[in-house]
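Have a look at the structure below before the remarks.
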Amino acid sequence: MTDAPDTSRISFTAHYTGHVWRRHGLGDAALATWQGQVLFGALTPFNKLGNRLQPGLNLEAMLLQRHRIIDALLEQAITGGATQVVEIAAGLSPRGLRFTRRHPDLHYLEFDLPGMAARKERLLSRVSDRSPRHLVTSGNALAADGEQSIAGRIATLLDPTAPTVVITEGLINYFPVEQAQQIWGHIVAGLKRARWGVYLSDIAHTPGGFRGAWLIRLFRQVLETTTRGATHFHFDSTDETRQALLDAGFNEATIHSPEDWRDRLELPPSPPQPLVHVIEARVSQDG
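Mapping of the sequence shown onto my numbering: residues 43 to 329, in sequence order.
Right, here's the structure in full:
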């Protein structure tokens, strides 16, 4: 992904999140890494301090909230007729394995940086029950066209006319707002031939003034120093996020708060102003 965070940077967060999924029964043994365990231990003091300041103010809780909500929305889309999924920057996410096991006819394409794609393919090659419809490819989410673009990969490896779900989890806030909106536009382009398409993603809004918000800013600085790159809070509100998605070409967009799902999913507590929300945006032929 040209001009995007480099492979080592994405891998750092992929190891950590992969361990979180595994720790909570969402992962797969084939995707477990020692690096993830080490990183989880290193960040545990931040999580404990956050919980003392404000229940739910910790990275592990926010990761679980976004992952479980995206899973629930993906399940809804599949029940509604989606037959294929593209997960961009999937890293060590076990979602492809879980959903292809649950839905054997589902086509699942993981789209990642070359280094991470190669590593994920090696790990998945050890999984005896891996679906033949579960593919991993490298690509460039910032490419407007060509074989390496989102639209190019969908056209060559999937059915571009079939109802499709595109997922970005843990990706968008690593890009400046201009590049994030470019990626959204490229996702719209990749879905424009489909009968309908759904885009699911997490997004972190600008931290509010609640008790402990300073810890989020401190963790952001630590993450940026460790990964040698920037993170970005693009919008202050759900209304701003929704409008940006509509401006990118989606026909409709809903921004989900963890509180919207608390009576339907087992979710960790949230701070008074949840930092992480989940995007559900749609593209359809009839507009």
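Each residue gets a CB set at the ideal place from its N, CA and C atoms; glycine is no exception.
Cα-Cα separation between residue i and residue j, rounded to whole angstroms
i, j, result
"residue 47", "residue 285", "Residue confidence is low: residue 47 scores 42 on pLDDT, short of 50, so the model does not pin down where it sits. No coordinate-derived value is stated."
"residue 294", "residue 91", "38 angstroms"
"residue 145", "residue 115", "15 angstroms"
"residue 307", "residue 166", "28 angstroms"
"residue 147", "residue 182", "27 angstroms"
"residue 127", "residue 299", "23 angstroms"
"residue 50", "residue 173", "Low local confidence applies: a pLDDT of 39 at residue 50 is under 50, so the model's placement there is unreliable, and no value is given."
"residue 190", "residue 55", "23 angstroms"
N- and C-terminal bounds of the alpha helix (DSSP H) containing residue i
i, result
"residue 142", "137–144"
"residue 239", "Run containing residue 239: none in the alpha helix (DSSP H); it sits in the beta strand (DSSP E), 238–246."
"residue 295", "Segment 294–298 is the beta strand (DSSP E) holding residue 295; no alpha helix (DSSP H) there."
"residue 30", "The displayed coordinates of the chain run from 43 to 329. Any statement about residue 30 would go beyond what the structure contains."
Nearest to residue i (by Cα), restricted to the options the options
i, options, result
"residue 196", "300, 105, 153, 213", "153"
"residue 130", "219, 149, 124, 243", "243"
"residue 169", "230, 184, 139, 185", "139"
"residue 122", "177, 204, 74, 180", "204"
"residue 88", "77, 136, 103, 220", "103"
"residue 246", "321, 174, 58", "321"
Coil, strand or helix - residue i by DSSP
i, result
"residue 273", "coil"
"residue 169", "coil"
"residue 315", "coil"
"residue 55", "helix"
Bounding residues of the beta strand (DSSP E) (the contiguous stretch that carries residue i)
i, result
"residue 289", "Run containing residue 289: none in the beta strand (DSSP E); it sits in the alpha helix (DSSP H), 280–290."
"residue 319", "318–326"
"residue 152", "149–154"
Exercise for the section: Taking 8 angstroms as the threshold, find out whether the segment 65–76 comes into contact with the segment 289–305 through three or more Cβ pairs. Expected result: No, they do not touch.
Practice task
Would you be able to state if there are at least three C-beta pairs under 8 angstroms between the segment 228–243 and the segment 201–214?
Solution key: Cβ pair count under 8 angstroms is three or more, so yes.
Handout entry: Stretch-stretch touch, CB-based, cutoff 8 angstroms, three pairs: the segment 74–92 with the segment 297–305
Key = Fewer than three Cβ pairs drawn from the segment 74–92 and the segment 297–305 lie within less than 8 angstroms of each other, which leaves the two stretches out of contact.
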